[in-house]
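Mapped onto the UniProt record's numbering, the consecutive letters of the sequence shown carry residue numbers 1 to 109. For every residue, glycine included, the Cβ atom is placed at its ideal position computed from N, Cα and C. First up is the structure itself, then whatever we jot down about it.
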Amino acid sequence: MTANVTISERAARRIGEILKSEGEGAKLRISVEGGGCSGFQYKFDIDKTQAEDDLVIVRDNAVVLVDSSSAPFLADSELDFVDDLIGASFRVVNPNATASCGCGTSFSI
1 MTANVTISER AARRIGEILK SEGEGAKLRI SVEGGGCSGF QYKFDIDKTQ
51 AEDDLVIVRD NAVVLVDSSS APFLADSELD FVDDLIGASF RVVNPNATAS
101 CGCGTSFSI
């Protein structure tokens, strides 16, 4: 699978902290589902099971899985972690999105 997804340094640091508390073999899974105010939404889960066709992205202590059906929606995206006035959260900087909601969790293509 060739979907170039990257993880920012801030996101890698935060993912590493989260996974450390989740125990051995924990990974962050990002998927794309239908829904949200813009048509698609990002979903973040902790997963200890890796499928054979998962895209695996590793940076430092952060391991992120993307399922094969979500990977095309995330091609050339960057996973970042922001801590601003509205709170701390993971954000996907997705060049494929033609529109997104204000909170950054849903998008359209």
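Closest Cα partner of residue i within the set the options
i          : options        : result
residue 70 : 57, 33, 76     : 33
residue 41 : 74, 27, 24, 51 : 74
residue 93 : 63, 81, 17, 57 : 81
Span of the beta strand (DSSP E), counted from its first residue to its last, around residue i
i          : result
residue 34 : 27-34
residue 57 : 55-59
residue 78 : 78-84
residue 16 : No beta strand (DSSP E) holds residue 16; the alpha helix (DSSP H) holding it covers 9-22.
residue 70 : It is not in any beta strand (DSSP E) - residue 70 carries neither H nor E in the DSSP assignment.
residue 41 : 40-47
Beta-carbon proximity list for residue i, same chain, < 8 Å, skipping 5 on both sides
i          : result
residue 95 : 76, 77
6 Å CB neighbourhood of residue i in its chain, flanking five on each side removed
i         : result
residue 6 : 78
*asked:* Under 8 Å: do the segment 42-50 and the segment 8-15 share three or more Cβ pairs, one atom per stretch?
replied: no
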